[in-house]
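539 is the number that this note's numbering gives the last residue of the sequence shown; the numbers go up by one with no jumps. Ideal Cβ placement from N, Cα and C applies to all residues, glycine included.
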Amino acid sequence: MRHQPGARVDRFEIIEELGEGAYAETYKALDTDSGQVVVLKSPNPMLFADPAVFGRFKRESEIARSLDHPNVQRSFDLQENRTEPYLVLEFVDGENLRQRVADQGGRVPVELAVDWGRQLASVITYLHVHGITHRDLKPENILVTSDGQLKVADFGTALLEGAKRLTWKHLTEGVGTPNYMSPEQIQGERGDTRSDIYAWGIVMYEFLTGRPPYEGDNWMAVMAGHLTKSPGPIVERNSACPPALDAVVRKAMRRYPEHRYQSGEELLADLDRLDELDPADFDLSPEPPMGGMAAADSAKRLWLLVLEIAAGFIAVCALIIFLSVVLK
Numbered sequence: 212m213r214h215q216p217g218a219r220v221d222r223f224e225i226i227e228e229l230g231e232g233a234y235a236e237t238y239k240a241l242d243t244d245s246g247q248v249v250v251l252k253s254p255n256p257m258l259f260a261d262p263a264v265f266g267r268f269k270r271e272s273e274i275a276r277s278l279d280h281p282n283v284q285r286s287f288d289l290q291e292n293r294t295e296p297y298l299v300l301e302f303v304d305g306e307n308l309r310q311r312v313a314d315q316g317g318r319v320p321v322e323l324a325v326d327w328g329r330q331l332a333s334v335i336t337y338l339h340v341h342g343i344t345h346r347d348l349k350p351e352n353i354l355v356t357s358d359g360q361l362k363v364a365d366f367g368t369a370l371l372e373g374a375k376r377l378t379w380k381h382l383t384e385g386v387g388t389p390n391y392m393s394p395e396q397i398q399g400e401r402g403d404t405r406s407d408i409y410a411w412g413i414v415m416y417e418f419l420t421g422r423p424p425y426e427g428d429n430w431m432a433v434m435a436g437h438l439t440k441s442p443g444p445i446v447e448r449n450s451a452c453p454p455a456l457d458a459v460v461r462k463a464m465r466r467y468p469e470h471r472y473q474s475g476e477e478l479l480a481d482l483d484r485l486d487e488l489d490p491a492d493f494d495l496s497p498e499p500p501m502g503g504m505a506a507a508d509s510a511k512r513l514w515l516l517v518l519e520i521a522a523g524f525i526a527v528c529a530l531i532i533f534l535s536v537v538l539k
């Protein structure tokens, strides 16, 4: 990562590194003007040469500034002049949901799962009203405070309704994380609110059973599961799960978008009346597979991205070693 603790980036003093991914690197920092602790998020410098990276960065910045919801990480971005591109975001004093679930032993108590599920469904509803699809809902992108409030973060792959399509080298707008990607995203489509509802279902399934519905030795096997298999009943893995909640979660995970909840409002309505629902009213019968060349192409693009990032990392390491030898 480029900045070390104690370094200054404009008026911000770096406190510590938070993480680095394929798209961006993040830092915990102190705003020396206000005294507030914030998060700085900057595009990965290895990708500066790709115009689509900056297109995504600008889109994420625009989306983040437009959001105001208690379960969404806030933006403190004022668009002032800067020496380099970065976002200024709320620092959430907590951990991501993956870590919190691990603390629970990998499976979440039903009451807590329903509470978290309502919070996430509320975010999906809010985003839908504002024409936004997150497209990468997963435990790693959801922060949780000490009092159990969730904060959805990372809008780097979010889609703003009406926005032009961006292509990031070998990755299309169908980008996401294989365990949580909707079948239509795997097929190369952009996705919509129903894609976020699908991801909500996958996350809830994992909360309640301790494992994702589709697993495999590699990404392609996982994606094939989304396209061809049906998730097993939650109640078979967790007898404490009410059948009505099982039905709601598996309806959200239906393979074809038209078979799922069509909005966050519909999902929230059922979550608020679980005691009144009859699981027999839900069509959870096996669906025909969804497949074709688009799925194979999507998987190929994902593998190409992995290889490209690995090659770039090796090149940077080689350059650092070369310079260290030359400058001795």
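Here the C-alpha atom of Arg-401 lies approximately 11 Å from the C-alpha atom of Met-392. According to the DSSP secondary-structure assignment, Gly-230 is paired through a beta bridge with Thr-237. Relative to Ile-397, the option among Asp-288, Gly-502, Pro-423 whose CA is nearest is Gly-502.
Shown here for Phe-493: same chain residues with a beta carbon closer than 7 Å to its own, the five before and five after excluded, namely Ala-458, Lys-462 in chain order.
Listed in chain order, the alpha helix (DSSP H) runs fully inside the region 315-379 are 321-340, counting runs of at least 4 residues.
For Lys-269, the enclosing alpha helix (DSSP H) starts and ends at 262-277. The way I'd put it, the region 360-369 doesn't touch the region 421-441; fewer than three beta-carbon pairs between them come closer than 8 Å. C-alpha of Phe-366 to C-alpha of Val-250: approximately 14 Å in a straight line. The beta carbon of Leu-354 sits closer than 6 Å to those of Val-303, Gly-305, Asn-307, Lys-362, Ala-364, all from its chain and outside the five residues before and after it, given in chain order. Across the structure, Glu-224 and Val-325 are spaced so that their CA atoms are roughly 39 Å apart. In this structure, Ile-408 keeps its C-beta atom at 8 Å or more from the C-beta atom of Ile-343. Only residues of its own chain outside the window of five on either side were considered, and among them Tyr-409, Gly-412, Ile-413, Tyr-416, Pro-424, Pro-442, Arg-471 have a CB closer than 8 Å to the CB of Met-464, listed in chain order. By the beta-carbon neighbour count (other beta carbons within 10 angstroms, threshold 16), Thr-420 is buried. Thr-404 is not a Cβ neighbour of Gly-316, given a cutoff of 8 Å.
For Pro-500, the CB contacts under 7 Å within the same chain, skipping 5 residues up- and downstream, are Leu-438, Thr-439 in chain order.
Lys-462 sits in a helix when the DSSP states are folded into three classes. When beta bridges are read from the DSSP output, Lys-252 appears opposite Thr-237, Leu-298. Counting the other CB atoms within 10 Å of its CB gives Tyr-467 a total below 16, which places it among the exposed residues. Scanning its chain for C-beta atoms nearer than 8 Å, with the 5 sequence neighbours on each side dropped, one finds around Glu-301 the residues Val-249, Val-250, Gln-284, Arg-285, Ser-286, Phe-287, Lys-362, in chain order. With contacts defined by Cβ atoms closer than 8 Å, Ala-240 and Asn-255 do not form a contacting pair. Assignment of beta-bridge partners to Ile-225 by DSSP yields Ala-240.
Gly-305 is bridged by DSSP to Thr-356.
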